[in-house]
Amino acid sequence: MGEPCAVIGVGQTEYRTRRLDVSMAGLVREAAWRALQDAGLDWGDIDAVVVGKAPDLFEGVMMPEAYLADALGARGKPLLRVHTAGSVGGSTAIVAAGLIHSGRHERVLTVAWEKQSESNATWALTVESPHNTSLVVGAGGYFAPHIRAYIARSGAPTHIGTLVAVKDRLNALKNPYAHLKIPGISREMVESTPMLWEPIRYLETCPSSDGACAMVLASERAARRAPNPPAWVLGAAMRSEPLFFAGRDTVNPRAGRDAAAEVYRQAGITDPRRELDCAEVYVPFSWYEPMWLENLGFCGEGEGWKLTEAGATALDGDIPWNPSGGVLSSNPIGASGMIRFAEAALQVRGMAGEHQVDGARTALGHAYGGGAQFFAMWIVGSDKP
Amino acid sequence: MPSSPNHVLEFPGGYTRSVGPVIGRFLSELRDGRLMGVRTASGRVLVPPTEYDPDTGAAVTDEWVEVGPAGTVQSWSWVPRPRHGHPLDRPFAWALIKPDGADTALLHALDMGVHELGAKPPKTLTTGMRVRPRWRAERRGHIGDIECFLPEVAVITAPTRLEYRLRPGRAQDRFLEGISQGRILGDRCPVCEQVIVPMRGLCPRDGVPTVEEVELPHTGTVTTFAVNNIPDPRAPEVPFVSAYVLLDGAGMTMLALVAGVPADRVRMGMRVRAAWRPRREWGRTMDNIKWFEPLDEPDVPFERIKDYL
Ligand SMILES: [Zn+2]
Chain A
1058 MGEPCAVIGV GQTEYRTRRL DVSMAGLVRE AAWRALQDAG LDWGDIDAVV VGKAPDLFEG
1118 VMMPEAYLAD ALGARGKPLL RVHTAGSVGG STAIVAAGLI HSGRHERVLT VAWEKQSESN
1178 ATWALTVESP HNTSLVVGAG GYFAPHIRAY IARSGAPTHI GTLVAVKDRL NALKNPYAHL
1238 KIPGISREMV ESTPMLWEPI RYLETCPSSD GACAMVLASE RAARRAPNPP AWVLGAAMRS
1298 EPLFFAGRDT VNPRAGRDAA AEVYRQAGIT DPRRELDCAE VYVPFSWYEP MWLENLGFCG
1358 EGEGWKLTEA GATALDGDIP WNPSGGVLSS NPIGASGMIR FAEAALQVRG MAGEHQVDGA
1418 RTALGHAYGG GAQFFAMWIV GSDKP
Chain B
1182 MPSSPNHVLE FPGGYTRSVG PVIGRFLSEL RDGRLMGVRT ASGRVLVPPT EYDPDTGAAV
1242 TDEWVEVGPA GTVQSWSWVP RPRHGHPLDR PFAWALIKPD GADTALLHAL DMGVHELGAK
1302 PPKTLTTGMR VRPRWRAERR GHIGDIECFL PEVAVITAPT RLEYRLRPGR AQDRFLEGIS
1362 QGRILGDRCP VCEQVIVPMR GLCPRDGVPT VEEVELPHTG TVTTFAVNNI PDPRAPEVPF
1422 VSAYVLLDGA GMTMLALVAG VPADRVRMGM RVRAAWRPRR EWGRTMDNIK WFEPLDEPDV
1482 PFERIKDYL
């Protein structure tokens, strides 16, 4: 992996339905400035900036990295933009980490965001072209059949999705940045909400959020001077696969399995359930928790729902998933992956506040995007590799 | 108030009012397009000014202070049906507005944009909201020189429109040509030997060009599906079913509408057939196939579709 890389600063905005009080520049600066403060740095201390953003069509800002260069203090500095659909927050962090691993830079600022209130993701995801050869549907309509396929293949009881919907929202009550705060959230409440795209109920889906997340990544030398404990990057991997090909497994995608195998190899992990202390995994529809438990090798195929049902992934379980409340509680799409990566870092830095997993020393951050085609993962730890 | 009075009492020409040095200065400044307050002995800035400090009765100082013109709404009352003589003829709010730099608020009309008569107060009308005056072009030294206040600019719209000339490319062009003739075309991969449909001229898995064109039957099997309860202009009704259909002989599924059967009767493994629109409506578009509808055949066992999920 080259030179060691540490997360020395994390900054998040509060995630809300509408942040009408700030411009796009103001939103990203809010997160970036908080990350700089955490790292004890100023704009001038940063060597390079890496920006992540979901499709330009979401807000209709083309080349947002150029538009936001000055706002992110990037004048005269290397500036990169990453775009890998919903996984972009994760892959952006990995690209930024690469600039440190390479030994090229000492301190890199990385930022991802979404202002969903100023866009319409469903519209952007369903634009027709005159030559479409297949039905085009939005995210919920796209993922629902794959969830149905998972249920059929694994024999999972139908209430598993509601368990995740409740568990993640209970965690969100402990996270000051979380968007959806539903006091008294219960299975009955989730089950009483309408089926939007059967088998997905309203409260089994993520909200639409405005928000940004930023991190300062640093070399070993810079990390030694940071005021707060670092999170060391122990492994990072990205994999992609085409949307349609013969033999594609959409329930348990190969790209996800391959990325997981690679990130575990780098971090020296052979049994993720036992060796990781917690995980922040991209679960925008509740059923994706059991699906990704299997895809990420936390259990055998067809067994994921049993871990969820047994409470293994709850905050007090043996492998807490999404202590922050996850994507089900806050979803500024472009930022959602980076939030997973940043929350994993906060856990191993011991800085996660009320949703801290006691004694967490190794954590997984995960993001996926497109039609479950793009995967980005990293493992961070309290100890330098 | 009676809508058609039967008696009117009106002082000819209107009463005159001497405004004195303090209000006179305020109105003169207003005519010049400035909002001014006067300072009291205790340091407070009164807007609109008076000749005396209302708290103590002492005369105000000679010190004038330019305030605002932006300010903050301290309280408001919504007027859903404006009356004759009101400053606006559409619903508006009376608001107590404290100009920046002032210690008191002045009462003025607040224009919240276009609302139907009788409308409820808009959600954006709030105590604490930021507002600015709309000045009249012709001013005469009167509180009406400010026509009304307006919310500060919070959102602009950025119309976006891109025009393209899209070409489908060779494989898609050939596929759509087939569709325009009522044929569903795929191509076979020379490596994995799977039939890829719609045809795309290559196998994404093996990364090789395809060479053999294959015409597929119009029948297939639903592998999995969603029941959509959110309306879609392309679907006949709500709920509607979007399904992955594995055409007989194909190596992969296509996402399509399934109709002609109640949504709660659609099953994994259900046999379906393409329902084509009348031939005279055909074009080079997938719309030629309206949707897939059930075939009167037994369901395909899960075992035989599980590898296509
Ligand atoms: Zn092939």
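Protein sequences appear in the order of chains A and B. If you want my numbering, it's the 1-based position in the first sequence plus 1057. If you want my numbering, it's the 1-based position in the second sequence plus 1181. Yeah, the Cβ is synthetic: ideal placement off N, Cα and C, and Gly gets one too. Bear in mind that the values here come from a model prediction, so they are computed numbers and not experimental data.
Contact with chain A by residue i, beta-carbon distance below 8 Å
i       : result
L1287/B : no
S1256/B : no
K1471/B : no
C1384/B : yes
K1487/B : yes
T1405/B : yes
G1432/B : yes
M1451/B : no
Under the three-state DSSP convention, the category residue i falls into
i       : result
Y1199/A : helix
W1472/B : strand
P1202/B : helix
G1224/B : coil
K1224/A : helix
R1212/B : helix
G1363/B : coil
N1352/A : helix
F1432/A : strand
F1483/B : helix
P1332/B : strand
W1289/A : strand
V1340/A : coil
R1138/A : strand
Below-8 Å beta-carbon distance, residue i vs any chain B residue
i       : result
N1189/A : yes
E1255/A : yes
R1076/A : no
F1432/A : no
R1205/A : yes
T1307/A : yes
L1353/A : no
F1115/A : no
A1201/A : yes
R1073/A : no
F1301/A : yes
S1445/A : As shown, chain A starts at 1058 and ends at 1442. That puts residue 1445/A outside it, with no answer to give.
M1348/A : no
L1291/A : no
A1209/A : yes
Y1425/A : no
Option in the options with minimal Cα separation from residue i
i       : options                               : result
I1242/A : P1233/A, D1225/A and M1058/A          : D1225/A
G1224/B : F1207/B, L1216/B and W1245/B          : W1245/B
G1359/B : E1374/B, R1321/B, D1326/B and P1398/B : P1398/B
P1261/B : R1311/B, L1331/B and L1298/B          : L1298/B
L1277/B : R1351/B, D1488/B, V1254/B and P1202/B : V1254/B
E1185/A : V1395/B, V1200/B, P1349/B and P1250/B : P1349/B
S1185/B : V1228/B, H1265/B and D1236/B          : H1265/B
I1365/B : R1465/B, E1478/B, M1217/B and L1347/B : R1465/B
V1247/A : D1328/A, M1272/A, F1342/A and G1428/A : F1342/A
R1220/B : G1238/B, E1210/B and D1243/B          : D1243/B
A1004/A : P1121/A, G1359/A and D1095/A          : This structure cannot speak to residue 1004/A, because chain A is shown only from 1058 to 1442.
P1420/B : D1429/B, V1426/B, L1438/B and L1427/B : L1438/B
A1181/A : A1433/A, A1293/A, L1114/A and P1240/A : L1114/A
S1423/B : R1369/B, V1408/B and M1310/B          : V1408/B
G1363/B : G1249/B, M1467/B and R1212/B          : M1467/B
G1068/A : R1296/A, L1385/A, A1409/A and A1429/A : A1409/A
C1370/B : R1355/B, E1394/B and M1293/B          : E1394/B
Closer than 7 Å: residue i CB and nearest ligand 2 heavy atom
i       : result
D1387/B : The ligand content of the structure shown is limited to ligand 1, which means ligand 2 is not among them.
Same chain, Cβ closer than 8 Å to residue i, five either side skipped, listed in chain order
i       : result
L1253/A : G1197, Y1259 and T1262
V1241/B : V1203, V1219, R1220, T1221, A1222, L1227, P1230, T1231, E1232, Y1233 and D1234
Contacts around residue i, its chain only, beta-carbon distance under 6 Å, and the 5 residues preceding and following it disregarded
i       : result
P1183/B : Bear in mind that a pLDDT of 49 at P1183/B, under 50, signals an unreliable position, so the number given afterwards is only what the model happens to contain. So the list is empty, once near-sequence residues are dropped.
L1156/A : A1105, H1162 and V1165
E1071/A : Y1234
F1200/A : F1342
Supposed close pair residue i, residue j - CB separation, criterion 8 Å
i       : j       : result
A1169/A : V1145/A : 6 Å
V1372/B : A1431/B : Rounded, the Cβ-Cβ distance is 17 Å, inconsistent with contact.
L1427/B : T1402/B : 5 Å
W1025/A : V1437/A : With chain A running from 1058 to 1442 in the structure shown, residue 1025/A is simply not present.
Contact set for residue i: own chain, Cβ-Cβ below 7 Å, skip 5 residues either direction
i       : result
G1428/A : Y1199 and L1300
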